[in-house]
Ligand SMILES: C[S@@+](CC[C@H](N)C(=O)[O-])C[C@H]1O[C@@H](n2cnc3c(N)ncnc32)[C@H](O)[C@@H]1O
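Have a look at this one:
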């Protein structure tokens, strides 16, 4: 499995995200089909963690599916859904091999998950995501960008991942795949994708001399009808 076990340790320590990310909220409201009842709109999140994004989507009446490498995160998410009377298909798995039929999802969310794996695993995951999307479905892809100052604090490996050491100022320790603009073109250049938008979102911390830059991509792409 292409899964960094340090995520399991983070979740075992009780560090669960509880509320959805703003880009996901906007994405769901903007791109979910409106000509059908919400319960028939199927949303998949790959690497859903504690399923905070899907918790929001389920509360809004959408039909949600989440795949996540950490058992602890899925167990927490299932309990939270149960307590809140929500339904969702949440399970442990590896997003490089999706256990779903072809062309069944209307929206697919990656929020900071594919950026945790190496180039080859990211390629496989995106090809799998494409396979399970309905024609015209939309993908929210949200990896770290290579203008992030964490890149300079880490040690680059040959597989596309950078090792961020303990004590780094710009990013949490662990493995991150910082994605370049050129790499986005490789991943989404093929004609089967229609690019809706590519934003590089950057924040610079100015309170000290380090001027750390947090940088991420928000790429939205539609699966073309073949
Ligand atoms: C930064 S967290 C994001 C969690 C969630 N998407 C959110 O926005 O709250 C990245 C998640 O990706 C998961 N992950 C990493 N590699 C994975 C893999 N190969 N298959 C499934 N999940 C994976 C991690 O366990 C972690 O929960």
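In the numbering used here, the protein residues as written are 1 to 226.
A virtual CB, placed ideally from N, CA and C, is assigned to each residue, including glycine.
#1: Less than 9 angstroms separating the beta-carbons of residue 45 and residue 62?
#2: Among residues of its own chain, excluding the 5 on either side of residue 80, which ones have a beta-carbon nearer than 7 angstroms to its beta-carbon?
#3: Rounded to whole angstroms, what is the Cα-Cα separation between residue 186 and residue 106?
#4: Just checking my contact of residue 165 with residue 150 at CB under 8 angstroms: how many whole Å lie between their CB atoms?
#5: Is any heavy atom of ligand 1 found at a distance shorter than 8 angstroms from the C-beta of residue 21?
#6: When you compare the region 90-103 with the region 9-24, are there three or more beta-carbon pairs, one atom per stretch, that lie closer than 8 angstroms?
#7: In chain order, which continuous runs of the alpha helix (DSSP H) of length 4 or greater are located wholly inside the region 24-101?
#8: Which residues bound the beta strand (DSSP E) around residue 225?
#9: What is the DSSP secondary structure of residue 19, reduced to helix, strand or coil?
#10: Going by beta carbon distance, what residues of the same chain come within less than 6 angstroms of residue 18, once the five residues before and after it are set aside?
To lay it out plainly:
#1: no
#2: 55
#3: 24 angstroms
#4: Wrong, their Cβ atoms sit about 10 angstroms apart, outside the cutoff.
#5: yes
#6: no
#7: 52-59 and 71-83
#8: Neither: residue 225 is in no beta strand (DSSP E) and is coded neither H nor E.
#9: coil
#10: 52
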